[in-house]
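Participant: Residue numbers (numbering that gives the first Met the number 0), protein chains in the order written: chain A, 0 to 335; chain B, 0 to 335.
Just so it is clear, CB atoms sit at the ideal spot from N, CA and C, and this is done for glycine as well.
This one's a predicted model, so the numbers in the text were calculated from it and none came from an experiment.
Got a structure for you, written out below as structure tokens; questions coming shortly.
There are 2 protein chains.
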Amino acid sequence: MKKLLFVYALLFGAFLIYLINFQSREVNTNLEGKPKGLQGTIDEKYVMVTFQVGIEYWKNVLKGFEDGAQALNVSVEYRGATNYDVNEQITVLEQVIARKPSGIAISAIHPNALNVTINKAIDAGIPVVLFDSDAPDSKAYSFLGTNNFNAGATAAHEMADMIKNRGKIAVITLPNQQNHIDRANGFKETIEKQYPDIEVVAVKDGKGNQLVSGQVVSDLLKEHPDLNGIFATEANGGVGVGEALINLRKDKQVRIVSFDTDKQTLDMVKDGTIDATIAQGTWNMGYWSLQYLFHLQHDLIRSQGGPYTSGNQLLPRMDTGITVVTRENVEKYYAK
Amino acid sequence: MKKLLFVYALLFGAFLIYLINFQSREVNTNLEGKPKGLQGTIDEKYVMVTFQVGIEYWKNVLKGFEDGAQALNVSVEYRGATNYDVNEQITVLEQVIARKPSGIAISAIHPNALNVTINKAIDAGIPVVLFDSDAPDSKAYSFLGTNNFNAGATAAHEMADMIKNRGKIAVITLPNQQNHIDRANGFKETIEKQYPDIEVVAVKDGKGNQLVSGQVVSDLLKEHPDLNGIFATEANGGVGVGEALINLRKDKQVRIVSFDTDKQTLDMVKDGTIDATIAQGTWNMGYWSLQYLFHLQHDLIRSQGGPYTSGNQLLPRMDTGITVVTRENVEKYYAK
């Protein structure tokens, strides 16, 4: 009888151990012992590195990155330079690399200045993707961001629609930054090719500054008092133009298409000063950056240049899309 | 003593039931009872519907779809019309919808003919994405495929490089199919805009047929005996052109850039008859189609038009990328 009791106790104990063991595994596995589904572990950390932390624009990107991490059961960290300074971003990036994270998503402050540091991460076996601002000559695996030429083309169609395919328009841009050059070119080429009765009378530098952009518009209106529309390739330009037009009482005459969705811009869309603004797919940048890094880290998809088998290469570029914001849908774009 | 034994047996039984129950759950869960990571269940079925089953082109797309399903722990099924026939694809699609799958990825045989059926699936709550061939006016959530205009532009740069930015070239295409129109336009516009010393002397219909395309080239060479290059927007055209040039002993004079990677084309790339061919990102079409459908089914990303919160909208278009295949890398493209 005592022997039987001993056997029962042994069985009971063995099951208890098995059960505890079964529950404590961090990654659930299927019968072959492989993780089921796409899931990482909480100590798997992905880092997002931006420049100029704290600006509203990154919020949605980080939200996407976090949503991706939650979906895949991994951790994220958000790092960035506090100033708009190349060397500071390099320092931050060096610190991040030293801690050997599972992957790094970077928005590059300059198209070339970060290449050496990015390549160092890649050589150390850390997957890197770029988002929003590319470093095309680095070894990073992919770029996820807006196709700015196409975004400019969309702005052109919006503008043409508003001024009924006829009239004089101008562009306020940053002529030394690639994304703004692309937006301006996409706009200009689309107008020239598809709208023969619209003339682009000027492409001016607004210096990313509200006051400068406002002054540029005042000068432009002296030369072209019958101007019908302005495309601002960045948000400060759009707001500056809007304020100048109100002061000049020309806001009913001149249509504005702007870029991005900061609060000032959205307020001006709401009150009708800005007629439309282009919202970038910021959440998509963050979400798919995390997905790509996870796929690289877990060797689920091969990177460009790696051994090619059945064509499962990582896309070197992902267009994260845009949407047009007007008075009709502006409420949805305010930060919650 | 008997009472004690009874208690032990009861405990033993309870643990056994608990254990079986624990193991039999199809989805592993974390402490809050929610699935950990991105994982579905094996009875969650995603269906891929093509036209003209059995052609080599779909193989890699299906491989991507299957790889995606394996990664996410769900099931797939492959269906398609056996003939190149609109009504047959509609019938197949109707049958698939009737079985209420978790999602459907469709390559549309015609840009409009499937709209009613696709919309029926959407209205029944079944997520649908298009891949390879779009149905842009349907309610499908996204299109994943080649940006054909850009692919044509890439072909233009390859061609220009080969003929050292100077000479006469022609295009053999299918002038009634949108993807081929886009490829031809991307090619033609890029040459015209960026290569002033290259002239596109003709754009001809090869009818997707090797013999017809060969005849077209023979005729072309009578008119333009100094022709330097031909861009064929589809694989049969490329092979037909290659054979015609060999017969005419003009294969050393005329460069060929073709499209896709069927065995005949790859063989001609290998022996130098075709100088380059454009490989589409077929694996990406399948893999990301499955990912998108899964995200829609599990409400992880909002579809266009749905309630907008933090910008997490599904991309309405994903460019699945291309790569250029030449003699140098052709071996990697043969089906394994």
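Can you give me the start and stop residues for the alpha helix (DSSP H) that A/ASP204 sits inside?
Facilitator: First-last for A/ASP204: 197-204, but that is the beta strand (DSSP E), not the alpha helix (DSSP H).
Participant: If you follow the alpha helix (DSSP H) that B/PHE293 is part of, which residue opens it and which one closes it?
Facilitator: 281-296 is the span of the alpha helix (DSSP H), which, as asked, contains B/PHE293.
Participant: Under 7 Å, CB to CB, which of the residues in the region 100-115 of chain B have a partner in chain A?
Facilitator: Those residues of the region 100-115 of chain B that come within reach of chain A (Cβ to Cβ, closer than 7 Å) do not exist; the list is empty.
Participant: Going along chain B in order, which residues have a C-beta closer than 8 Å to the C-beta of A/ASP259?
Facilitator: Chain B residues near A/ASP259: none, gap ~12 Å exceeds 8 Å.
Participant: The region 68-100 of chain B: which residues have C-beta closer than 8 Å to a C-beta of chain A, in chain order?
Facilitator: Result list: ALA70, LEU71 and ASN72.
Participant: Please check the pair B/ILE273 and B/GLY237, which I expect to be a contact at CB under 8 Å, by giving their CB distance rounded to whole angstroms.
Facilitator: At roughly 6 Å, the Cβ-Cβ gap stays under 8 Å, so B/ILE273 and B/GLY237 are in contact.
Participant: Within this structure, are the beta carbons of A/ILE103 and A/VAL95 separated by less than 8 Å?
Facilitator: Cβ distance < 8 Å, so A/ILE103 and A/VAL95 count as in contact.
Participant: A/THR232 and A/HIS297: beta carbons closer than 8 Å?
Facilitator: In this structure, A/HIS297 does not lie closer than 8 Å to A/THR232 by Cβ.
Participant: Taking the alpha-carbon positions, what's the A/LYS44 to A/ILE300 distance?
Facilitator: If I take the Cα positions, the gap works out to 19 Å.
Participant: Among B/ALA68, B/PHE50, B/VAL52 and B/LYS35, which one has its Cα closest to the Cα of B/ASP42?
Facilitator: Ranking the options by Cα distance to B/ASP42, first place goes to B/ALA68.
Participant: Is the shortest distance between the beta-carbon of A/LYS35 and the beta-carbons of chain B less than 8 Å?
Facilitator: Taking Cβ atoms only, chain B reaches closer than 8 Å to A/LYS35, which makes this a yes.
Participant: By DSSP, does B/VAL75 sit in helix, in strand, or in coil?
Facilitator: Reduced to three states, the DSSP call for B/VAL75 is strand.
Participant: Let me check understanding here. Comparing Cα to Cα, which of A/GLN51, A/ILE277 and A/ASP84 lies closest to A/ASN328?
Facilitator: Nearest option by C-alpha distance: A/ILE277.
Participant: Using a Cβ-Cβ cutoff of less than 6 Å, which residues in the same chain neighbour A/LYS269 once the five nearest sequence positions on both sides are dropped?
Facilitator: Closer than 6 Å at the Cβ level, and outside the excluded window around A/LYS269, lie VAL329.
Participant: Please tell me whether A/LEU129 and A/MET317 are closer than 8 Å, where the distance is taken between their beta carbons.
Facilitator: Not closer than 8 Å, so no.
Participant: Does the ligand COA have even one heavy atom less than 7 Å from the beta-carbon of B/GLY236?
Facilitator: The ligand COA is absent from the structure shown, which contains no ligands of any kind.
Participant: Can you tell me which of the three DSSP states B/ASP250 falls into?
Facilitator: Coil, per DSSP.
Participant: Secondary structure at B/ALA150, three-state DSSP: helix, strand or coil?
Facilitator: Three-state DSSP puts B/ALA150 in a helix.
Participant: In terms of DSSP beta bridges, what is B/MET47 paired with?
Facilitator: Per DSSP, B/TYR77 and B/ALA104.
Participant: Going by alpha carbons, who is nearest to B/VAL46 out of B/GLU65, B/LEU220 and B/LYS262?
Facilitator: Per the Cα distances, B/GLU65.
Participant: On a Cα-Cα basis, can you pick out the residue from B/LYS58, B/LYS2, B/PHE14 and B/GLY63 that is closest to B/ASN283?
Facilitator: Closest option to B/ASN283, Cα to Cα, is B/GLY63.
Participant: Is there a C-beta anywhere in chain B that falls below 8 Å from the one on A/PHE64?
Facilitator: Cβ-Cβ to chain B under 8 Å: no for A/PHE64.
Participant: May I ask you to report which of helix, strand or coil DSSP gives A/ARG24?
Facilitator: Reliability of the predicted coordinates at A/ARG24 is poor, the pLDDT of 43 falling under 50, and the value obtained from them is presented with this limitation in mind. A/ARG24: coil per DSSP, three-state reduction.
Participant: Kindly provide the ranges of any alpha helix (DSSP H) runs that are 4 or more residues long and lie completely inside the region 103-188 of chain A, ordered along the chain.
Facilitator: Segments of the alpha helix (DSSP H) lying fully in the region 103-188 of chain A: 114-122 and 147-161.
Participant: With respect to the beta strand (DSSP E) encompassing A/GLY36, which residues constitute its N-terminal and C-terminal limits?
Facilitator: No beta strand (DSSP E) contains A/GLY36, which DSSP labels as neither H nor E.
Participant: Chain B beta carbons: is any one of them nearer than 8 Å to that of A/LEU10?
Facilitator: Yes, contact with chain B.
Participant: By the 10 Å Cβ neighbour count, where 16 or more other Cβ atoms means buried, how is B/ASN59 classified, buried or exposed?
Facilitator: So B/ASN59 counts as buried.
Participant: Out of B/VAL75, B/ALA334, B/SER288 and B/HIS223, which one is the CA nearest neighbour of B/TYR140?
Facilitator: If we check each option's Cα against that of B/TYR140, B/SER288 comes out closest.
Participant: Helix, strand or coil, according to DSSP, for A/VAL52 in the structure here?
Facilitator: In the structure shown, A/VAL52 sits in coil (DSSP, three-state: anything other than H, G, I, E or B).
Participant: For A/LYS423, which residues of its own chain have a beta-carbon under 7 Å away from its beta-carbon, when the five flanking residues on both sides are left out?
Facilitator: In the structure as shown, chain A begins at 0 and stops at 335. Residue 423 of chain A is therefore absent and cannot be evaluated.
Participant: Inspect the beta-carbon positions of B/VAL256 and B/LEU244 and report whether they are closer than 8 Å.
Facilitator: Going by C-beta atoms, B/VAL256 is not nearer than 8 Å to B/LEU244.
Participant: How far does the beta strand (DSSP E) with A/ALA231 in it extend, from its first residue to its last?
Facilitator: 228-231 is the extent of the beta strand (DSSP E) around A/ALA231.
Participant: State buried or exposed for B/SER23, treating a residue as buried only when at least 16 other CB atoms are found within 10 Å of its CB.
Facilitator: With a pLDDT of only 44 at B/SER23, under 50, the local geometry of the prediction cannot be trusted, and the value read off the model is given with reservation. Exposed, by the Cβ-count rule.
Participant: Taking only three categories from DSSP, how would you classify A/TYR307?
Facilitator: Confidence at A/TYR307 is low in this model, with a pLDDT of 42, below 50, so its placement is unreliable and no value can be given for it.
Participant: Counting only Cβ pairs nearer than 8 Å, list the residues of chain A close to B/ASP181.
Facilitator: Here the premise fails: no neighbours, minimum Cβ distance about 14 Å.
Participant: How about B/ASN147 and B/ASP181: do their beta carbons lie closer than 8 Å?
Facilitator: For B/ASN147 and B/ASP181, yes; Cβs fall inside 8 Å.
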